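Count along the sequence shown from 1, then add 351; that gives the number in this note's numbering.
Notes for the one structure printed next.
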Amino acid sequence: MVRRLIATVALVGCAGIYALAANERATFILSNGDRKTGTLVHHGGNDTNLIDANFNLGTDDGKEQSYPESQVAVIDFAGGQPSANELQTIPASGHFLVLRNGQSQNGQFVNIAHGNTLLWKNASGEQQQYAVTDVARVYLNPQSARVAFNAPASTAVGTSGTAGVPLNPGEIRVDANQAWTDTGVTVKKGDRVAFRASGQISYGQSPGMTAGPDGNGELKQPSYPVPVMPVGGLIAKVGNMAPFPIGSNTQPIVMPADGRLMLGVNDNELGDNSGYFTVAVNKQR
352 MVRRLIATVA LVGCAGIYAL AANERATFIL SNGDRKTGTL VHHGGNDTNL
402 IDANFNLGTD DGKEQSYPES QVAVIDFAGG QPSANELQTI PASGHFLVLR
452 NGQSQNGQFV NIAHGNTLLW KNASGEQQQY AVTDVARVYL NPQSARVAFN
502 APASTAVGTS GTAGVPLNPG EIRVDANQAW TDTGVTVKKG DRVAFRASGQ
552 ISYGQSPGMT AGPDGNGELK QPSYPVPVMP VGGLIAKVGN MAPFPIGSNT
602 QPIVMPADGR LMLGVNDNEL GDNSGYFTVA VNKQR
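Printed below as a string of structure tokens:
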């Protein structure tokens, strides 16, 4: 359990904050394997990097790029290839923090403040702060991270209440608190893929906030990955293409592009989600 905390540093003047933040850089490793490197920028009254579910990087040409939280698998501060031991330690799902001194812990990523401070909540719900210079990596989507680092599937036991449940051969577990789950299936445009989904997830802490593969009734929002589908439903995407609904439909779906097939749940706030869908994927010939 990582316990070392840093004290809050008072900074005077926006120029001073930016000068310090400009020295701190990170690489966002996306769920499709792309790597985006730049300066950690911060905005808003809280001087945070993650705003409205988007991470922000300053580029070397002075511009700024935003990346949806749901597409970022790893925030890499150290660079290079993680050790085999580190990749074997990360859980099957959930957020995971690794410090440069080798210490690590499960928990929940909160934000990056002032361009230099990682805000983290440990497994007990305690708020913690770490200097970015002390952090090696934050894993937001372990399954996509393993694909990016060409690592084998995890043998570690996750921390959620549904972790460790055995699946039948060919089935994929889609955790509701993960942005995207890599199916391990690469498709080409025009391929026909059939899905068979089961299970129930919770998309919040209040009673009744549950959904099956088709989502919860008529509750739809423009901000959801698939706005026309109810909250919590099973969705998919190929590479960087727009997500599309799957639900309980078992009829083959024509793939819209070439790339890796990913599965997820239709929600724009994943931190309070729990449960998972079990999905069988059948790529037809």
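Positions of the beta carbon are idealized from the N, C-alpha and C atoms, including for glycine.
In this text the structure is predicted, and so the values were computed from the model without any measurement.
Which residues mark the beginning and the end of the alpha helix (DSSP H) in which E522 is found? Taking the sequence shown and counting its residues from 1, one reaches residue 522 at position 171. Not the alpha helix (DSSP H): E522 falls in the beta strand (DSSP E), residues 522-526.
State yes or no: is the C-beta of E437 within less than 7 Å of the C-beta of V425? Here residue 437 corresponds to residue number 86 of the sequence shown, with the count starting at 1. Here residue 425 corresponds to residue number 74 of the sequence shown, with the count starting at 1. Not a contact, by the Cβ cut-off of 7 Å.
D542: buried (16+ other C-beta within 10 angstroms of its C-beta) or exposed? In the sequence shown, residue 542 corresponds to position 191, counting from 1. Per the 10 Å Cβ criterion, buried.
Does the beta-carbon distance from G590 to I552 come in below 7 Å? Position 239 of the sequence shown, counted from the start, is the residue given in the question as residue 590. Position 201 of the sequence shown, counted from the start, is the residue given in the question as residue 552. No; because the gap between Cβ atoms is not below 7 Å, this pair is not in contact.
Rounded to a whole number of angstroms, what is the C-alpha to C-alpha distance between Q439 and A499? To locate residue 439, count along the sequence shown from 1; it is residue 88. To locate residue 499, count along the sequence shown from 1; it is residue 148. Whole-angstrom Cα-Cα distance: 14 Å.
Neighbourhood of Y418 by C-beta distance below 6 Å, restricted to the same chain and skipping five residues each side: Taking the first residue of the sequence shown as position 1, residue 418 is located at position 67. These residues qualify, in order along the chain: F379, F406.
Backbone CA spacing between S549 and A464 [nearest angstrom]: Along the sequence shown, one-based indexing puts residue 549 at 198. Along the sequence shown, one-based indexing puts residue 464 at 113. Distance between the alpha carbons of S549 and A464: 39 Å.
Mind pulling the beta strand (DSSP E) runs of 3 or more residues that sit fully within the stretch 540-603? Taken in chain order, the complete beta strand (DSSP E) segments of 3 or more residues contained in the stretch 540-603 are 543-553, 585-589.
In terms of residues, what are the limits of the alpha helix (DSSP H) holding Q529? What you label residue 529 is simply residue 178 of the sequence shown in a count that begins at 1. First-last for Q529: undefined, no H or E at that position.
Does the stretch 482-489 come close enough to the stretch 591-601 to have 3 or more Cβ pairs within less than 8 Å? no
Segment limits, beta strand (DSSP E) that includes R488: Position 137 of the sequence shown, counted from the first residue, corresponds to residue 488. For R488, the uninterrupted beta strand (DSSP E) run begins and ends at 486-490, by DSSP.
With a CB to CB cut of under 7 Å and the five nearest residues on each side skipped, what residues in its chain are close to T429? Indexing the sequence shown from 1 puts residue 429 at position 78. Reading off the sequence shown, one finds Ala at residue 429, where the question assumed Thr. The residues R451, A487, R488, in chain order, have a CB closer than 7 Å to that of A429 in the same chain once the five nearest residues on each side in sequence are set aside.
Report, in whole angstroms, the separation of the C-beta atoms of A530 and E620, which I expect to be a contact under 8 Å. For this step, residue 530 is matched to residue 179 along the sequence shown. For this step, residue 620 is matched to residue 269 along the sequence shown. No, A530 and E620 are not in contact; Cβ-Cβ is about 11 Å, not under 8 Å.
Under a three-way DSSP split, which group does N397 fall into? As a first step, residue 397 must be located in the sequence shown, where it is residue number 46. Coil.
Quick one: residues in its chain with C-beta nearer than 8 Å to the C-beta of M592, no 5 flanking neighbours on either side, listed in chain order? For the purposes of this step, residue 592 is taken as the residue at position 241 of the sequence shown. P607, A608, G610, listed in sequence order.
Roughly how many angstroms lie between the CA atoms of M560 and N567, to the nearest whole one? Here residue 560 corresponds to residue number 209 of the sequence shown, with the count starting at 1. Here residue 567 corresponds to residue number 216 of the sequence shown, with the count starting at 1. Spanning the two alpha carbons is a distance of roughly 8 Å.
For P517, name the three-state secondary structure that DSSP assigns. Within the sequence shown, numbered from 1, the residue matching residue 517 stands at position 166. Residue placement at P517 is poorly supported in this model, since its pLDDT is 43, which falls under 50; the coordinates are not used for a value here.
Taking all protein chains shown into account, decide if S434 is buried (16 or more other Cβ within 10 angstroms of its Cβ) or exposed. Taking the first residue of the sequence shown as 1, we reach residue 434 at position 83. It counts as exposed.
Identify every residue that forms a DSSP beta bridge with K387. As a first step, residue 387 is located in the sequence shown; it is residue number 36 there, counting from the start. DSSP lists F379 as partners of K387.
Nearest candidate by alpha-carbon position, reference E569, set V544, N617, D526: Position 218 of the sequence shown, counting from 1, holds the residue named residue 569. Distance from the Cα of E569 is smallest, within the candidate group V544, N617, D526, for N617.
With a 10 Å radius around its C-beta and 16 neighbouring C-beta atoms as the bar for buried, classify H393 as buried or exposed. Numbered from 1 along the sequence shown, position 42 holds the residue referred to as residue 393. So H393 counts as buried.
Apply the 10 Å Cβ neighbour rule to N383 and answer buried if 16 or more other Cβ atoms are within range, or exposed otherwise. Looking up residue 383 in the sequence shown gives position 32. N383 comes out buried.
Could you tell me whether the Cβ atoms of V632 and V538 are closer together than 7 Å? By 1-based counting over the sequence shown, the position of residue 632 is 281. By 1-based counting over the sequence shown, the position of residue 538 is 187. Going by C-beta atoms, V632 is not nearer than 7 Å to V538.
Starting from R497 and walking both ways along the alpha helix (DSSP H), at which residues does that stretch end? Counting from 1 along the sequence shown, the entry for residue 497 is found at position 146. 493-499 is the span of the alpha helix (DSSP H), which, as asked, contains R497.
Ignore the nearest five residues each way along the sequence and tell me which others in M580's own chain have a CB closer than 6 Å to its CB. Reading the sequence shown from its first residue, position 229 is the one you call residue 580. So the qualifying residues of the chain are G566, P596, N617.
Which residue marks the beginning of the alpha helix (DSSP H) containing A474, and which one marks its end? If you number the sequence shown from 1, residue 474 lands on position 123. Neither: A474 is in no alpha helix (DSSP H) and is coded neither H nor E.
Whole beta strand (DSSP E) elements within the stretch 402-446, 3-residue minimum: Restricting attention to beta strand (DSSP E) runs no shorter than 3 residues, the stretch 402-446 encloses them at 405-409, 415-419, 423-427, ordered along the chain.
Quick check: what's the CA-CA separation for Q298 versus K540? Within the shown structure, residues of the chain are numbered from 352 to 636, placing residue 298 beyond reach of any answer.
Quick one: Cα of K588 to Cα of Q416, how far? Within the sequence shown, numbered from 1, the residue matching residue 588 stands at position 237. Within the sequence shown, numbered from 1, the residue matching residue 416 stands at position 65. Taking the straight line from one Cα to the other gives about 22 Å.
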